[in-house]
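First residue of the sequence shown? That's 35 in this note's numbering, and the numbers climb one at a time after it. See structure below.
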Amino acid sequence: MQNKIIITLKIEIKHEEICCAICNQPILKKQKVSIDHWIPKKLGGQDELSNLRPAHKICNSIKADMSPETFMEHKKELYKIALEKWHLNFEDKTIVSNALHAMTHKKRR
Ligand SMILES: [Zn+2]
């Protein structure tokens, strides 16, 4: 069940150019968007605007119920695993490999 705040966010996202809070890459209109609980509900995160961020659906799946700290620490490995071991469709594969490329690029600078 989704509450009002999440539905409202989803509608707003459709009309704006936005970036994924998880991989920091733009979310294109054709890509599946989801609302990430930055602090997962399992860890006490709330349905509050400050805790809700737009994210690619696939990125949200990769982050899953991890705490932001754990996720950030292992982000690159997690994306690598997703790219190598998950059965991704073409669209998701593109998102994950672009994100991974951006992370690698950032590290070199
Ligand atoms: Zn993303």
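Note that beta-carbon positions come from the ideal geometry of N, C-alpha and C, so glycine has one too.
Item: Taking 7 Å as the cut-off, is the C-beta of His-71 nearer than that to any heavy atom in ligand 1?; Value: no
Item: Does the Cβ of His-108 lie closer than 7 Å to at least one heavy atom of ligand 1?; Value: no
Item: Within a Cβ cutoff of 6 Å, which residues of the same chain sit near Lys-66, ignoring the five residues on either side of it in sequence?; Value: Lys-91
Item: Could you check where the beta strand (DSSP E) with Leu-86 kicks off and where it finishes?; Value: 86-90
Item: Inspect the beta-carbon positions of Pro-102 and Ile-61 and report whether they are closer than 8 Å.; Value: no
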